[in-house]
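Student: In UniProt numbering, the protein residues as written are 1 to 105.
What follows is the structure in structure tokens.
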């Protein structure tokens, strides 16, 4: 398992781990929600790092297209459906990182 994969798994797992502590302190749920921003930062950073090495990969290009679309739509659309994109992007980046990039190397 590469360093990128480990960092990605820590980034994805940390909000769930923090949310598990809501049993002891209900305020931890807010911390877990806020930690999802760190997950997004980690995944975009890993994606940029991968894009430098694999700039012709269509999956990475699509990931960044949807990231740009998310941040663009964030300012001009209703908040109702836009929140489905970050979890979908997190799953997509994880699939790219764990399965698609490994096939190319």
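Cβ coordinates follow ideal geometry from the N, Cα and C atoms, glycine included. Small disclaimer: the values here were computed from a predicted structure and weren't measured.
Using C-beta distances below 7 Å, list every residue in its chain close to residue 74, excluding the 5 sequence neighbours before and after it, in chain order.
Tutor: Result list for residue 74: 82, in chain order.
Student: Please classify residue 49: is it buried, with 16 or more other beta-carbons within 10 angstroms of its beta-carbon, or exposed?
Tutor: That one is exposed.
Student: For residue 159, collect the residues of the same chain with a Cβ closer than 7 Å to its Cβ; drop the 5 residues on either side in sequence, then sort them by chain order.
Tutor: There is simply no residue 159 to check, as the chain begins at 1 and stops at 105 in what is shown.
Student: If we count the other Cβ atoms within 10 Å of its Cβ and call it buried at 16 or more, is residue 80 buried or exposed?
Tutor: Classification for residue 80: exposed.
Student: Just to confirm my understanding: we take residue 31, look at its own chain, exclude 5 residues before and 5 after, and list those with CB closer than 7 Å. What are they?
Tutor: Within the same chain, residue 31 has close Cβ partners 18.
Student: Is it true that the CB of residue 101 sits closer than 8 Å to the CB of residue 54?
Tutor: Cβ atoms of residue 54 and residue 101: closer than 8 Å.
Student: Return the residue from the list 51, 95, 69 that minimises the CA-CA distance to residue 84.
Tutor: The candidate whose alpha carbon is nearest that of residue 84 is 69.
Student: Give the secondary structure of residue 83 by DSSP, where H, G and I count as helix, E and B as strand, and everything else as coil.
Tutor: In the structure shown, residue 83 sits in coil (DSSP, three-state: anything other than H, G, I, E or B).
Student: Which stretch, first to last residue, makes up the alpha helix (DSSP H) that contains residue 27?
Tutor: It is not in any alpha helix (DSSP H) - residue 27 carries neither H nor E in the DSSP assignment.
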